[in-house]
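Counted from 1, the sequence shown has number 134 at position 134 by UniProt numbering; the numbering is strictly sequential.
No residue lacks a Cβ here, since even glycine has one placed at the ideal position from N, Cα and C.
From a predicted model like this one, the values you see are computed outputs, not experimental measurements.
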Amino acid sequence: MSFHADHAVGILFIAVGGIAAYLGIGYGFGSLADMGPGALPVLLGATLSLLGVALLLQAGFVHEERTATELMPREERRPFLAILAALLAFGLLIDRVGLLPSLVALVAVGWLADSRGRLKELPLLLLAIAAIVVAIFYFGLGIPFHLLDWSIARA
């Protein structure tokens, strides 16, 4: 039996669904008549795990003459790593430098995912995304983000 991309996705679904269900139980499931805050994560996690099991079973019954799909083709590695790095940069920066610099890092590093992206379009994209995010989340919804946090300079 060869390892197909469907096997990896099935294992990922089972793992993520299992973690979600496990963490959701800690919030209290309640009953079906009066669901608690953990009901949704438990139900969605269990459903995702069941889909993963079904995908693994389906991939196991695939005939051997089907060629194995490469888990991550070479041309998809750069976008995957760039998007992962952009999310990591945003997550690490948001509490330290504020929303605006974190958005700049997210968009600028994520820009590397597209090999066709032209550098002269990046500043306009940064301004547009920053304006939309600040308008919606900071002013519209009133979420108390620090737009710029200069406390890092004092540390």
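Counted within 10 angstroms of its Cβ, other Cβ atoms place GLY91 as buried (16 or more) or exposed
exposed
Complete runs of the alpha helix (DSSP H) confined to the region 44-108 [at least 4 residues]
74-97
My assumption, with CB atoms under 8 Å, is that ALA105 sits in contact with LEU93. Please give the rounded CB distance.
6 Å
Reducing DSSP to helix, strand and coil, say where GLY117 ends up.
coil
One question on the structure: do ALA15 and VAL42 come within less than 8 Å of each other, judged by their Cβ atoms?
no
Quick one: what's got a C-beta closer than 8 Å to GLY17's C-beta in the same chain, skipping five residues either side?
LEU44, GLY45, ALA46, THR47, LEU48, SER49, LEU50, LEU51, GLY52
For VAL109, collect the residues of the same chain with a Cβ closer than 8 Å to its Cβ; drop the 5 residues on either side in sequence, then sort them by chain order.
ALA82, ALA85, ALA86, ALA89
Would PHE139 and LEU99 be called neighbours here (beta carbons separated by less than 8 Å)?
no
What would DSSP say about ARG154, mapped onto helix, strand or coil?
Residue placement at ARG154 is poorly supported in this model, since its pLDDT is 47, which falls under 50; the coordinates are not used for a value here.
To the nearest angstrom, report how far apart SER134 and LEU122 are at their CA atoms.
Reading the sequence as shown, one finds Val at residue 134 and not Ser. Whole-angstrom Cα-Cα distance: 18 Å.
Tell me the DSSP secondary structure of GLY24 in three-state form.
helix
Comparing alpha-carbon positions, which option in GLY142, ILE136, ARG77, ASP95 lies nearest LEU112?
ARG77
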